[in-house]
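Student: By this note's numbering, the letter at position 209 of the sequence shown is numbered 212, and the numbering carries on one by one without gaps.
For every residue, glycine included, the Cβ atom is placed at its ideal position computed from N, Cα and C.
Computed from a predicted structure; not experimentally measured.
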Amino acid sequence: MKVHKIAIISDTHGMLRPEVLEILETCEAILHGGDFNSQQILDALKEIAPVYVVRGNNDKAWAKNLQKELDITLYGVRIYMVHDKQHRRKELYGIDLFVYGHSHKYEEKIIDGVFYLNPGSCGPRRFRLPVTMAILEVEESGSWRVKKIDLMEQNRDSEIFMEMKEKNLKATVETIIREMQAGRKIEQIAKKLCVDSVFVEQICRIYVTHPGVDA
């Protein structure tokens, strides 16, 4: 029996990991819950498969034509999408799967017969949160299931966190933010603090794309 595979991702924030691209290439469609941060990411996804997207709070002028919510049916499954679940419409009658993002935290639950799914973020890792996405598998019989994909074991930055002592992590992040505000370049900061430049880049990216976030 044929099984249709639909990739569900969100909050890529300018990053498409090689391991994520590998998975996307096995799917027939891609759902993105918003916060691309650039047209280039959306264009790259369109080269892989049909893409269904909603606009995130960090998708600025370039994304003005993207819808803030979307109601579609794929292979018999009715899907409703919005970036922040707090902005969802009141009535979800007839919806099978509700997809959202924003928090970077994987979540799945069933409320009043509707499957709520936040695939988390498979872009830059936000501190201790896992790097995740999901796959919707739909059988020709009409049955479907959601599979969580945890990319932590494949993430180089997870090793960086393990190397840092708990008590020094917050101080390191605070220093990176101060150095960035002072106009230092990523490589300069990494060399000064003796930490990986990938880690520094991700801290800077999160700080810039999420106003109000602190160490």
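Helix, strand or coil for Ile26 per DSSP?
Tutor: Stepping through the sequence shown from its first residue, residue 26 is reached at position 23. It is helical.
Student: Drop a sphere of 10 angstroms on the beta-carbon of Ile113, count the other beta-carbons inside from all chains shown, and report buried for 16 or more, exposed for fewer.
Tutor: Looking up residue 113 in the sequence shown gives position 110. By the 10 Å Cβ count, Ile113 comes out exposed.
Student: Using the beta-carbon count (16 or more within 10 Å), is His107 buried or exposed?
Tutor: Taking the sequence shown and counting its residues from 1, the one referred to as residue 107 is at position 104. Burial call: buried.
Student: Is the CB-CB distance between Tyr103 and Lys88 below 8 Å?
Tutor: Translated into positions along the sequence shown, residue 103 becomes position 100. Translated into positions along the sequence shown, residue 88 becomes position 85. Against a cut-off of 8 Å, the Cβ pair of Lys88 and Tyr103 comes out as a contact.
Student: Report yes if the CB atom of Gly36 is closer than 8 Å to the CB atom of Pro122, and no otherwise.
Tutor: Position 33 of the sequence shown, counted from the first residue, corresponds to residue 36. Position 119 of the sequence shown, counted from the first residue, corresponds to residue 122. Against a cut-off of 8 Å, the Cβ pair of Pro122 and Gly36 comes out as a contact.
Student: So who's on the other strand from Thr76, going by DSSP bridges?
Tutor: Counting from 1 along the sequence shown, the entry for residue 76 is found at position 73. Bridge partners of Thr76: Arg81.
Student: Does the Cβ of Leu27 have 16 or more other Cβ atoms within 10 Å, making it buried, or fewer, making it exposed?
Tutor: Within the sequence shown, the letter at position 24 stands for residue 27. Its Cβ being crowded by 16 or more others within 10 Å, Leu27 is buried.
Student: What residue from Pro53, Leu45, Ile179 and Met183 has the CA that sits closest to Asp14's CA?
Tutor: Looking up residue 14 in the sequence shown gives position 11. Checked all of Pro53, Leu45, Ile179 and Met183; the closest Cα to Asp14 is Leu45.
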